[in-house]
Structure formats: structure tokens, C-alpha cells
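Notes to accompany the following structure.
Residue numbers (the working numbering): 13 to 217.
Below is the structure:
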């Protein structure tokens, strides 16, 4: 949110074209996607998480065909099937190595699946609703979505009772705030490029 607000001030960007309902839906999907994929780390290795995130194109194509109405060639579907097979084999490798100390639990796969489905809904909603119908800018999408997502996450922390421990942890480790700022700035730059690609070329490129 901070990075998007700074960009908005520097480049004097004005106006909000998306509705509150749009951003409440998008913020919820974004928050759930992050929650599911990070919660999965309790059950699977980080490598599996990265692999699933990289394979997000699979649910993105499915949702794009059903929601946006896009058509794909047999070659593109074949590429997706190869990707799915690769993920299955890699996951099987981690499962087979479970006795050797590699973290693997089927619940993690379920959470990762839910996470990438949420991500697929997010990218297609941005493409069709916000960029296609509302003609919004990437900056607006990042600004409002991050604000709404932060509110959702804050509410979740309070309800779960984790708000207090989280604040205490930050007080005990203030250096993390600087590291988080660097990570968020890099993430913002990456997301800005991703959203521009979605706006210009679509959710599947």
C-alpha cells in the first residue's frame, strides 16, 4: 500500500474507477490465496510451494476459459498437461522421501491447490472486470487491493488472537521491519510488472 501511495503521489495519479464491491471481492481472494499457500508450509517443503505457485498457469487457463471465454490451442493444453505431470512427479518424490525427513503431508497439497485457485480467480478477475470493463490502472489495483487485504488480514489476526504475539515479535525484532520494507518494495515492483502484463496481454501469456 505504501509503495502504491508513493507512486500515486509522485506521478500525480488520480481517480478510482473500480467499485468498493470489486475491491472487497479481490481483496478477499488475494488474502485467502496468501493464507492458503503460507499455511501449506506447515505440511510441505518450501520447494513444493514454489513449484505450485509457478504452475499457477494451470488453474488460470481453466478459469480463463470458463470465466473470460478465452480459447486455447491443443499445443497449449499439451504444455499444461506436461506441467501437471512434472508437478505430480516432483510431489511424489517428496512423498517418497518423507521417511528421510522431507516434510510432506497431503493436507499441504490441498491448501496449495486452494491457494493457486484463488490466485487464478484473482488474475482473471483483474483482467476481465478491472482492466477490461472498468479500465483501471495497475497502480489503482495495487493501492486499493493491498489496503483492503490488510484490513482483512488485520481482522483475521485479531479474531485468531495472533495480533498481540505478532506485535510483541516485531517489538523484540525491530530489524525485521527494515527487511520487510525491502521485501515489500521488491514485491511491489514485481507485482506492478505482472499487472501491466495482465492488462496488456491477458492473464495467460
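Ideal Cβ positions, reconstructed from N, Cα and C, are used throughout, including at glycine. This structure is a prediction, so every number in the text was calculated from the model and none was measured.
Cβ of residue i within 8 Å of Cβ of residue j?
i	j	result
residue 142	residue 153	yes
residue 134	residue 41	yes
residue 21	residue 157	no
residue 29	residue 140	no
residue 138	residue 207	yes
residue 13	residue 162	yes
residue 16	residue 155	yes
residue 126	residue 48	yes
residue 195	residue 123	no
May I ask which residues mark the beginning and end of the alpha helix (DSSP H) holding residue i?
i	result
residue 176	175-184
residue 161	150-172
residue 19	14-22
residue 46	32-51
residue 82	No alpha helix (DSSP H) contains residue 82, which DSSP labels as neither H nor E.
residue 207	187-213
residue 58	58-66
residue 28	Neither: residue 28 is in no alpha helix (DSSP H) and is coded neither H nor E.
Excluding the 5 residues preceding and the 5 following residue i in the sequence, name in chain order all residues of the same chain whose CB lies nearer than 8 Å to its CB.
i	result
residue 136	72, 75, 76, 79, 80 and 215
residue 200	15, 16 and 154
residue 178	169
residue 25	19, 149, 151 and 152
residue 36	160
Keeping to the same chain, check which residues put their C-beta closer than 7 Å to that of residue i; ignore five residues upstream and five downstream.
i	result
residue 85	none
residue 165	43
residue 45	127, 130, 131 and 134
residue 102	63
residue 197	15
For residue i, I'd like the list of residues in its chain whose CB is within less than 6 Å of its CB, leaving aside the five on either flank, ordered along the chain.
i	result
residue 67	95 and 99
residue 175	169
Q: State whether the region 116-127 contacts the region 52-68, with contact taken as three or more CB pairs (one from each stretch) at a distance under 8 Å.
A: yes
Q. Taking three-plus beta-carbon pairs below 8 Å as touching, is the region 62-69 in contact with the region 168-187?
A. no
Q. Is the region 195-214 close to the region 159-176, with three or more CB pairs under 8 Å?
A. no
Q) Mind pulling the alpha helix (DSSP H) runs of 4 or more residues that sit fully within the region 112-149? A) 118-137
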